[in-house]
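Protein chains in written order, with the working numbering: chain A, 73 to 184; chain B, 30 to 144. Ideal placement from N, C-alpha and C gives every residue a C-beta, glycine not left out.
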Amino acid sequence: GDSVTQMEGPVTLSEEAFLTINCTYTATGYPSLFWYVQYPGEGLQLLLKATKADDKGSNKGFEATYRKETTSFHLEKGSVQVSDSAVYFCALKDQGYSTLTFGKGTMLLVSP
Amino acid sequence: GAVVSQHPSWVICKSGTSVKIECRSLDFQATTMFWYRQFPKQSLMLMATSNEGSKATYEQGVEKDKFLINHASLTLSTLTVTSAHPEDSSFYICSAIAGNYNEQFFGPGTRLTVL
Chain A
73 GDSVTQMEGP
83 VTLSEEAFLT
93 INCTYTATGY
103 PSLFWYVQYP
113 GEGLQLLLKA
123 TKADDKGSNK
133 GFEATYRKET
143 TSFHLEKGSV
153 QVSDSAVYFC
163 ALKDQGYSTL
173 TFGKGTMLLV
183 SP
Chain B
30 GAVVSQHPSW
40 VICKSGTSVK
50 IECRSLDFQA
60 TTMFWYRQFP
70 KQSLMLMATS
80 NEGSKATYEQ
90 GVEKDKFLIN
100 HASLTLSTLT
110 VTSAHPEDSS
120 FYICSAIAGN
130 YNEQFFGPGT
140 RLTVL
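Encoded structure:
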C-alpha cells in the first residue's frame, strides 16, 4: 500500500536558517504530492503541491520538487521565520482516488 | 478560495453523552467529505469518507455505530460521537472536495474532551 515517510522532529532552527524536511513515498502509479502546514490548534492548510515528476511546488518561500527517481518530495526554505513554527505534513494522493495518505508530521520550532 | 468550517471548535462533555460536530463547505458544493482524527503529536487518521446522499465508507477499525456520519446536503456533513468515553477525546478534522477538484480543503478542527 501507499506510504509516506517523514523525518522525525522536532526540527529546531534559529531565525534565518535554512530548512530541509525530508519526505519519501511509496506508491503505485503516479501520485500527486502535497505539503500541508498545521499551526497550533488549527486544521491543515495546503502549503504547496506537485502533480507530476520534476514539478516544483512553491509558496511563501517554501519549495519542494517531485523527484520520481528518488521517490522524494523534500521541503525547503532558504530563511525561516519564527512564524513558520508549525507541524508540516507530507502527503500523497493516487491518481483517480480522492483520499490522502499522510506522513506522521514534522514539528518545526524557530527561535528568534 | 474554498472555505470549510467546523462547529463547534471545541466541546467538553460528560462520559456517556453524544456529541455532534458539523462540517460545512461555505462557498462550494462538496461532493465528498472526509473525517479525520488526530491524536496529540501524531498524524491524521482517516476515519471515513462520505458522499452526499449515500452512506459513509468507514476505514478499517473505525466503529460505524460509534461514529455516525451523515452527509445530508452538498454543504454539510455531521459526525456524531455516540456514548462518548474519555478515550474518544481527540482533535477531529473534516475536509471536503468539490467536483473534479484535485485538492482537499480542511476545516479548522474540533477539540473534543470527554470527562
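query: Out of curiosity, what's the CA-to-CA distance linking B:P137 and A:K165?; result: 21 Å
query: How is A:E141 classed by DSSP in three states: helix, strand or coil?; result: coil
query: Report yes if the C-beta distance between A:L116 and B:I122 is below 8 Å; otherwise report no.; result: yes
query: List, in chain order, every chain A residue whose beta-carbon is nearer than 7 Å to that of B:L73.; result: F174
query: Give the single residue among B:S106, B:F120, B:T111, B:E116 whose Cα lies nearest to the Cα of B:Q58.; result: B:S106
query: Say whether the region 67–76 of chain B touches the region 33–41 of chain B, bearing in mind that this needs 3 or more beta-carbon pairs closer than 8 Å, one atom from each stretch.; result: no
query: Measure the alpha-carbon distance for B:W64 versus A:A125 and round it to whole angstroms.; result: 29 Å
query: Please classify B:S119: does DSSP put it in a helix, a strand, or coil?; result: strand
query: Going along the chain, which unbroken runs of the beta strand (DSSP E) with 3 or more residues stay wholly within the region 47–92 of chain B?; result: 48–54, 61–67, 73–80
query: Answer yes or no: does any C-beta atom of chain B fall closer than 8 Å to that of A:G101?; result: no
query: Am I right that A:N131 and A:L119 are in contact with their C-beta atoms under 8 Å? What's the rounded C-beta distance?; result: 6 Å
query: Pop quiz: A:L85 and A:V159 are said to be a contact at Cβ under 8 Å. What is the actual Cβ separation, rounded to whole angstroms?; result: At roughly 14 Å, the Cβ-Cβ gap does not stay under 8 Å, so A:L85 and A:V159 are not in contact.
query: Tell me, please, which residues DSSP counts as bridged to A:V182.; result: A:L85
query: Run through DSSP, which three-state label would A:V76 get?; result: strand
query: Along chain B, which residues have their Cβ under 9 Å away from the Cβ of A:L118?; result: E132, Q133, F134, F135
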